[in-house]
Amino acid sequence: MDLTLSLPGSPPRVSTVNIAAGLMGRLPESLAPYLEGRSVYWIWDEQVWELWHQRVNSLRWPGLVEPRIIRFAASEANKRLAAVEHLARQLVQAGADRLGVVVAVGGGVTGDVVGFLASIYMRGIPHIQIPTTLLSQVDSSVGGKTGVDLPEGKNLLGTFQQAQTVCIDPTFLETLPAAEFRQGMAEVIKMALLADQQLWDYLEGHSAELQRLEVESLTHVIGTCCRLKADVVQADEKEAGYRRVLNLGHTVGHALERLSDYRVAHGDAVAMGLVSAARLALCMGLIPEAVVQRLEKLCAAWNLPVRIPAEFSPEAIVAALKTDKKQLAGKLHFILPVRIGAVVERHDLDLEMLRRVLQEQQRG
Ligand SMILES: NC(=O)c1ccc[n+]([C@@H]2O[C@H](COP(=O)([O-])OP(=O)(O)OC[C@H]3O[C@@H](n4cnc5c(N)ncnc54)[C@H](O)[C@@H]3O)[C@@H](O)[C@H]2O)c1
Ligand SMILES: [Zn+2]
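Heads up, the sequence shown is in the working numbering, so the first residue is 294 and it goes up one at a time.
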């Protein structure tokens, strides 16, 4: 599946997304139009390099030669400005100038860090993304958000720079640990709940195929998520308003991550946050109970948590929400489902109702 994002600006920009099992075998042809006259610098998640370099060497990816291969110890702890400086120095030492193009191969951490680096290296050079985790294939590689963390919070430094092209090959998922796959599924469920009833029905009917990593199912789900995200990003690239719908489940989710000092994994936090949003919507009369039940069942099918652990009191969660830096002008804003496949943004939350919903979600 091929997608094209058209983005405003002068001149207007386009960013393409190609999704296909086996794409890695056709990469030389796919990348050729973007590499003409440019030197390629590869920044690989070092773990992905270990797992995949023999295979991609045999596929003769363009320019895959020392010293143009830089290995990056990708982890959330290393998603920092210091890593950007370290990588930038390696680019300089490898001879990269403004005619260079960087290709990120790895998960969301690698994509965010390399995108950020590309957007500031010599005042900006183009970049290409080859995402290798489910999360990065369905979410982070599309949309142009780049960034690194500060000790004070995640993604607090960043830029918008669209990748010239995103090449997605679900084959990479063969080596992804199941626990990481599950985390990505939370974002897939979010996307279906917020924008696509058909994707939702597909997920309910195809858990087994997806768990077996059947390429047809994976390609369908990844392609649909990329198309849905591309639609949102084309409508509101810089998150002036509408792009906030992508935060469904992330309000309570972020609070749980922060309260746990990030011991709760992002996908787990999002799953619990989706259930909170749905239960709140139920309380406000926006959706019938059946939607909450279907959501909890789908999360459970992927071993994603739906109950909030007792260690996080509803009071602490509400307090954490109020200090979330992503909240606008001190107002609590929530994205809530109105049915499977559609959401609204609400600013008029009754905090007492939210507290009660969280309490019930803790009990079961
Ligand atoms: N830019 C955006 O719009 C956006 C959106 C969502 C999330 N994000 C960011 O994405 C990051 C999370 O991304 P992630 O979950 O991909 O994490 P990640 O990049 O840390 O990858 C998770 C783990 O999987 C390993 N890995 C990657 N590909 C593999 C493969 N094919 N086989 C085996 N192991 C593999 C990595 O080495 C790592 O240990 C967060 O920092 C988050 O802020 C960004
Ligand atoms: Zn997320």
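Where is the CB? At the ideal position from N, CA and C, for every residue including glycine.
Between the C-alpha atoms of A367 and D338, what's the straight-line distance to the nearest angstrom? Position 74 of the sequence shown holds residue 367. Position 45 of the sequence shown holds residue 338. A367 and D338: Cα-Cα distance of roughly 5 Å.
Spell out a yes or no on whether the stretch 514-526 and the stretch 422-442 are touching, meaning 3 or more CB-CB pairs, one atom from each, closer than 8 Å. Touching, yes, given that three or more Cβ pairs across the two stretches are closer than 8 Å.
Just to confirm, does E480 get its C-beta within under 7 Å of one of the non-hydrogen atoms of ligand 2? Within the sequence shown, the letter at position 187 stands for residue 480. Answer for E480: yes, Cβ within range of ligand 2.
Following a CB-centred definition, is K590 positioned closer than 7 Å to any heavy atom of ligand 1? Against the sequence shown, residue 590 aligns to sequence position 297. No, ligand 1 has no heavy atom inside 7 Å of this Cβ.
Where D295 sits in the DSSP three-state scheme: Within the sequence shown, numbered from 1, the residue matching residue 295 stands at position 2. In the three-state DSSP reduction, D295 falls in the strand class (E or B).
At a cut-off of 7 Å, would you count A523 as near ligand 1, judging by its Cβ distance to the nearest heavy atom? Position 230 of the sequence shown, counted from the first residue, corresponds to residue 523. For ligand 1, not one heavy atom lies less than 7 Å from the Cβ of A523.
Quick one: what's got a C-beta closer than 6 Å to F465's C-beta in the same chain, skipping five residues either side? On the sequence shown, position 172 is the one that residue 465 refers to. For F465, where only same-chain residues beyond five positions count, the Cβ hits under 6 Å are T425.
Pair every Cβ in the stretch 438-450 with every Cβ in the stretch 469-476, then say whether three or more of these pairs are closer than 8 Å. no
Suppose the cutoff is 6 Å on Cβ atoms and the five residues either side in sequence are ignored; what does the same chain contact list for T297 look like? On the sequence shown, position 4 is the one that residue 297 refers to. Around T297: V307, T309.
Quick one: measure Cβ to Cβ for W516 and T544, integer angstroms, because I've assumed they're closer than 8 Å. As a working note, residue 516 is residue 223 in the sequence shown. As a working note, residue 544 is residue 251 in the sequence shown. One detail in the question is off: residue 516 reads as Gly in this sequence, not Trp. No, G516 and T544 are not in contact; Cβ-Cβ is about 28 Å, not under 8 Å.
Environment of Q430 [buried if 16+ CB atoms lie within 10 Å]: Mapped onto the sequence shown, residue 430 falls at position 137. Flag for Q430 reads buried.
Ends of the alpha helix (DSSP H) at Y334? To locate residue 334, count along the sequence shown from 1; it is residue 41. Run containing Y334: none in the alpha helix (DSSP H); it sits in the beta strand (DSSP E), 332-338.
Inter-residue Cα distance where the pair is P355 and I421: Looking up residue 355 in the sequence shown gives position 62. Looking up residue 421 in the sequence shown gives position 128. Approximately 13 Å, taken between the alpha carbons.
Does the beta carbon of V341 fall short of 7 Å from some heavy atom of ligand 1? Taking the first residue of the sequence shown as position 1, residue 341 is located at position 48. Yes.
F465 CB to nearest heavy atom of ligand 3 below 7 Å: With respect to ligand 3, the structure offers nothing, as its ligand set consists of ligand 1 and ligand 2.
How many Å lie between A387 and I363 at the Cα? Here residue 387 corresponds to residue number 94 of the sequence shown, with the count starting at 1. Here residue 363 corresponds to residue number 70 of the sequence shown, with the count starting at 1. If you take the alpha carbons of A387 and I363, they lie about 9 Å apart.
As an exercise, report each continuous alpha helix (DSSP H) stretch of at least 4 residues that is fully enclosed by the stretch 466-538, in chain order. 471-488, 490-498, 500-504, 508-528
Can you tell which of G399, V650, I418 has its C-alpha closest to the C-alpha of L392? Here residue 392 refers to the residue found at position 99 when the sequence shown is read from its first residue. When only C-alpha atoms are compared, the closest one is I418.
Is L428 closer than 8 Å to G498 when the C-beta atoms are compared? Residue 498 sits at position 205 when you count from the first residue of the sequence shown. Residue 428 sits at position 135 when you count from the first residue of the sequence shown. Taking 8 Å as the cut-off, the Cβ atoms of G498 and L428 do not count as close.
Count the other CB atoms within 10 Å of the CB of R600; is the residue buried (16 or more) or exposed (fewer)? In the sequence shown, the residue the question calls residue 600 occupies position 307. Looking at its Cβ environment, which holds fewer than 16 other Cβ atoms inside 10 Å, R600 is exposed.
Any heavy atom of ligand 1 within a distance shorter than 7 Å of the CB on S433? As a working mapping, residue 433 is identified with position 140 in the sequence shown. Relative to ligand 1, S433 has its C-beta within less than 7 Å of a heavy atom.
Please return the same chain residues whose Cβ sits closer than 6 Å to the Cβ of Y495, not counting the five positions on each side in sequence. Translated into positions along the sequence shown, residue 495 becomes position 202. Here the set comprises nothing.
Simplified DSSP state of S308, which is helix, strand or coil: Your numbering for residue 308 matches position 15 in the sequence shown. Taken through DSSP and simplified to helix, strand or coil, S308 comes out as strand.
Which residue comes first and which comes last in the beta strand (DSSP E) that contains L552? On the sequence shown, position 259 is the one that residue 552 refers to. Segment 543-552 is the alpha helix (DSSP H) holding L552; no beta strand (DSSP E) there.
Rounded to a whole number of angstroms, what is the C-alpha to C-alpha distance between N350 and L344? Sequence index remark: in the sequence shown, residue 350 carries index 57 (1-based). Sequence index remark: in the sequence shown, residue 344 carries index 51 (1-based). Computed Cα separation, rounded: 12 Å.
From I413 to A488, what does the alpha carbon distance come to, in whole angstroms? Here residue 413 refers to the residue found at position 120 when the sequence shown is read from its first residue. Here residue 488 refers to the residue found at position 195 when the sequence shown is read from its first residue. Going by the C-alpha atoms only, they are around 33 Å apart.
Three or more C-beta pairs closer than 8 Å, one from the stretch 605-614 and one from the stretch 635-655: is that the case here? The stretch 605-614 and the stretch 635-655 touch, with no fewer than 3 CB-CB distances between them shorter than 8 Å.
Any heavy atom of ligand 2 inside 7 Å of the beta-carbon of V568? Position 275 of the sequence shown holds residue 568. Distances taken from the Cβ of V568 to the heavy atoms of ligand 2 include none shorter than 7 Å.
For a test of the three-state rule: what should DSSP assign to N371, helix, strand or coil? Walking along the sequence shown from the start, residue 371 turns up at place 78. The three-state secondary structure of N371, taken from DSSP, is helix.
Which term fits A313, buried or exposed, when burial requires 16 or more other beta carbons within 10 angstroms of its beta carbon? Position 20 of the sequence shown holds residue 313. By the C-beta density criterion, A313 is buried, having at least 16 other C-beta atoms within 10 angstroms.
Neighbourhood of G399 by C-beta distance below 6 Å, restricted to the same chain and skipping five residues each side: By one-based count along the sequence shown, residue 399 stands at place 106. Cβ within range, chain order: D338, V341, A367, T425.
Consult DSSP for L449 and reduce its assignment to one of helix, strand or coil. As a first step, residue 449 is located in the sequence shown; it is residue number 156 there, counting from the start. Strand at L449.
Tell me whether R416 sits in a helix, a strand or coil according to DSSP, three-state version. Counting from 1 along the sequence shown, the entry for residue 416 is found at position 123. Reduced to three states, the DSSP call for R416 is helix.
By how many angstroms is the C-alpha of A376 removed from the C-alpha of M658? One cannot answer for residue 658 here, as it falls past the ends of the chain, which runs 294 to 657.
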